[in-house]
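In full-length UniProt numbering, the protein residues as written are 1 to 334.
Accompanying notes for the structure given below.
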Ligand code: SF4
Ligand code: MG
């Protein structure tokens, strides 16, 4: 396994109390695989990724438990110096807002080239040539000229391509993209997502795609992990999850996006708000919003059950759901 996050706990201490941002979350990604991590804002998906990358603001963020196994090594036991060597070279991150992630006073060629100068000891001239190659690779037109431009001279979509080029520069084994297309309009979103998927296949990288929008990742992800209140509530191969969700929250997310195969179907926004992480509801954290909730849901935290879809016929698909009534949810097709 390329990356395995196990039972991760992250807390934020503020004046008002302790926020449990990540509360025992875990997921795994293999080389050449794309995992989508789906959830509303505040579900812990970005914080988990920051803990993996080792860029959690601390304080106030503090990892209080768990393991982050990267190629078999627990990153949480490493010194900052060792982590810095892994960042960029073996794992890289793409952020939502390229404009604030890129340096406004340097040309994009200087920023891309810097990676090769610092990590590969290349001359400025060779580094610039590599920068042009990379810009070509992410299909920025007239790369040889545009390498001299500054970030603000590019459109949002082109800037996001430059971020992808930066992440790819040292050919890492893992890329984490946190809402990489959220700030873009719909057509550009699809182009950037397709490019990312193509490069992921070509380089055989592991890719973690963080999103609040299931529609964006359905075509490119192999697996999906759904987060709610700092935990994984469902994890499944993307097609299985689409066909028959095994958690009411996943079902609600699916019902809230337009689907081509179900034209005319009514869309339902999810009722209520995500929980206050300083005061997570007892039992199942989703119970105040869950249409299937019963008494046991208000008192007992549902463990992550292995889901066996007996109608699927094939071998068990590595599915899990943290719902007491996953079986009912799976079989309910109304
Ligand atoms: Fe709903 Fe209960 Fe399942 Fe939670 S455990 S998702 S409240 S049915
Ligand atoms: Mg986020």
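In this text, a Cβ means the ideal position worked out from N, Cα and C, and glycines have one as well.
Quick check: the segment 163-172 against the segment 103-113, are there 3 or more CB pairs under 8 Å?
With the cut-off at 8 Å, the segment 163-172 and the segment 103-113 touch.
If you reduce the DSSP assignment to three classes, tell me which class residue 106 lands in.
Residue 106 falls in the coil class under three-state DSSP.
Kindly examine the ligand SF4 and report whether one of its heavy atoms sits closer than 7 Å to the Cβ of residue 248.
Answer for residue 248: yes, Cβ within range of the ligand SF4.
Does the distance between the C-beta of residue 225 and the nearest non-hydrogen atom of the ligand SF4 fall short of 7 Å?
For the ligand SF4, not one heavy atom lies less than 7 Å from the Cβ of residue 225.
Taking all protein chains shown into account, decide if residue 19 is buried (16 or more other Cβ within 10 angstroms of its Cβ) or exposed.
By the 10 Å Cβ count, residue 19 comes out buried.
Just list the residues that DSSP pairs residue 235 with in beta bridges.
Beta-bridge pairing links residue 235 to 225 and 320.
Only counting the same chain, and skipping five residues up and downstream in sequence, which positions put a Cβ closer than 7 Å to that of residue 14?
If we look at residue 14 and ignore the five residues flanking it on each side, its Cβ neighbours are 60.
In the DSSP assignment, what are the bridge partners of residue 28?
In DSSP, residue 28 forms a bridge with 4.
The ligand SF4 and residue 324: does any heavy atom of the ligand fall closer than 7 Å to the residue's C-beta?
Checking the Cβ of residue 324 against the ligand SF4 gives yes.
Could you work out which residue in 187, 148 and 196 is closest to residue 137 when comparing CA atoms only?
Checking every option, the nearest Cα to that of residue 137 belongs to 196.
Measuring only the C-alpha atoms, how far is residue 201 from residue 32?
The alpha-carbon atoms of residue 201 and residue 32 are separated by roughly 6 Å.
Going by the CB atoms, is the gap between residue 29 and residue 44 shorter than 8 Å?
It is not a contact, given that the beta carbons lie outside the stated cut-off.
According to DSSP, is residue 246 helix, strand or coil?
DSSP places residue 246 in coil when its eight states are reduced to three.
Give a yes or no on contact between the segment 239-254 and the segment 287-298, applying the rule of three or more CB pairs nearer than 8 Å.
Verdict: yes, contact present.
Quick check: the Cα distance between residue 135 and residue 79, rounded to an integer number of angstroms?
Cα-Cα distance, rounded: 33 Å.
Given that a residue counts as buried once 16 or more other Cβ atoms are within 10 Å of its Cβ, and exposed if not, what is residue 180?
Under this definition residue 180 is a buried residue.
Give me, in chain order, the residues of the same chain whose beta-carbon lies closer than 6 Å to that of residue 172; leave out the 5 immediate sequence neighbours on both sides.
Counting only Cβ-Cβ distances below 6 Å, and skipping sequence neighbours, we find 90, 91 and 92.
From residue 240 to residue 210, what distance separates their C-alpha atoms?
Their Cα atoms are separated by approximately 19 Å.
Could you tell me the alpha carbon to alpha carbon distance between residue 242 and residue 310, rounded to whole angstroms?
Distance between the alpha carbons of residue 242 and residue 310: 16 Å.
Out of 185, 133, 174 and 170, point me to the one whose CA is closest to residue 157's CA.
If we check each option's Cα against that of residue 157, 185 comes out closest.
Under 7 Å: does the beta carbon of residue 302 sit that close to some heavy atom of the ligand SF4?
Yes, the Cβ of residue 302 comes within 7 Å of a heavy atom of the ligand SF4.
May I have the straight-line CA-CA distance separating residue 170 from residue 82, to the nearest angstrom?
Distance between the alpha carbons of residue 170 and residue 82 is about 17 Å.
Tell me whether residue 293, by its Cβ, gets closer than 7 Å to a heavy atom of the ligand SF4.
Yes.
Between the alpha carbons of residue 115 and residue 327, how many angstroms are there, rounded?
Residue 115 and residue 327: Cα-Cα distance of roughly 50 Å.
Roughly how many whole angstroms lie between the Cα atoms of residue 346 and residue 286?
Beyond the ends of the chain as shown, which are 1 and 334, falls residue 346; an answer cannot be given.
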